[in-house]
Amino acid sequence: MDKKKLATILGYLGLIPFFSLTLIFFISNFNNYVIDVYLFYGNIILAFICGSQWSKILNSNILDNKNLLLTLSVCIPVFSFILDFFSNQDIKIAIHIILFFVINLIDKKIFLNLIIFGI
Numbered sequence: 077m078d079k080k081k082l083a084t085i086l087g088y089l090g091l092i093p094f095f096s097l098t099l100i101f102f103i104s105n106f107n108n109y110v111i112d113v114y115l116f117y118g119n120i121i122l123a124f125i126c127g128s129q130w131s132k133i134l135n136s137n138i139l140d141n142k143n144l145l146l147t148l149s150v151c152i153p154v155f156s157f158i159l160d161f162f163s164n165q166d167i168k169i170a171i172h173i174i175l176f177f178v179i180n181l182i183d184k185k186i187f188l189n190l191i192i193f194g195i
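In this note's numbering, the protein residues as written are 77 to 195.
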């Protein structure tokens, strides 16, 4: 099996928990529990995205604030997991939205540098 097909299959398999938890949320009486599981799965995705940015950050020679981006890519998932134990669901959801937005901004900065400078 080629790498592109494998990546596509794994990507679609990664959607199964999101779709199933969303479906369970709407048809069950365990909404609070489902939201907690959903947020925990979001923590795992957030940690994976942050970890995948390490190689991009380390291999790029043009980032002025490489240490800051590396620190953020470690602190964001750690903060998210700690937050999971000490806050209510509304705060968790709001913080998750902000953290995913910050990770998206970091990823765009790295991506733009890679395209502009061809690294």
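Glycine included, every Cβ here is placed at the ideal spot set by N, Cα and C.
Length of the line joining the Cα atoms of residue i and residue j
i: Leu144; j: Lys168; result: 24 Å
i: Thr98; j: Leu115; result: 12 Å
i: Leu82; j: Trp130; result: 22 Å
i: Phe161; j: Gly118; result: 14 Å
i: Pro93; j: Ile120; result: 12 Å
i: Thr147; j: Phe155; result: 12 Å
i: Gly127; j: Ile133; result: 10 Å
i: Val178; j: Asp78; result: 33 Å
Residues near residue i by beta carbon distance below 7 Å, same chain, minus five either side
i: Leu86; result: none
i: Asp183; result: Gln129
Own chain, CB closer than 8 Å to residue i, minus 5 neighbours either side, in chain order
i: Val110; result: Leu97, Ile100, Phe101, Ser104
Any non-hydrogen atom of the ligand ATP closer than 8 Å to residue i Cβ
i: Ser131; result: This structure lacks the ligand ATP; in fact it carries no ligand of any kind.
Quiz item: Enumerated in chain order, which unbroken segments of the alpha helix (DSSP H) with a length of 4 residues or greater are wholly contained in the region 141-189?
Solution: Qualifying alpha helix (DSSP H) stretches, in chain order: 142-162.
Quiz prompt | Minimum length 4: unbroken alpha helix (DSSP H) runs contained in the region 95-144 | solution = Runs of alpha helix (DSSP H) with 4 or more residues, each lying fully within the region 95-144, are found at 107-135, listed in chain order.
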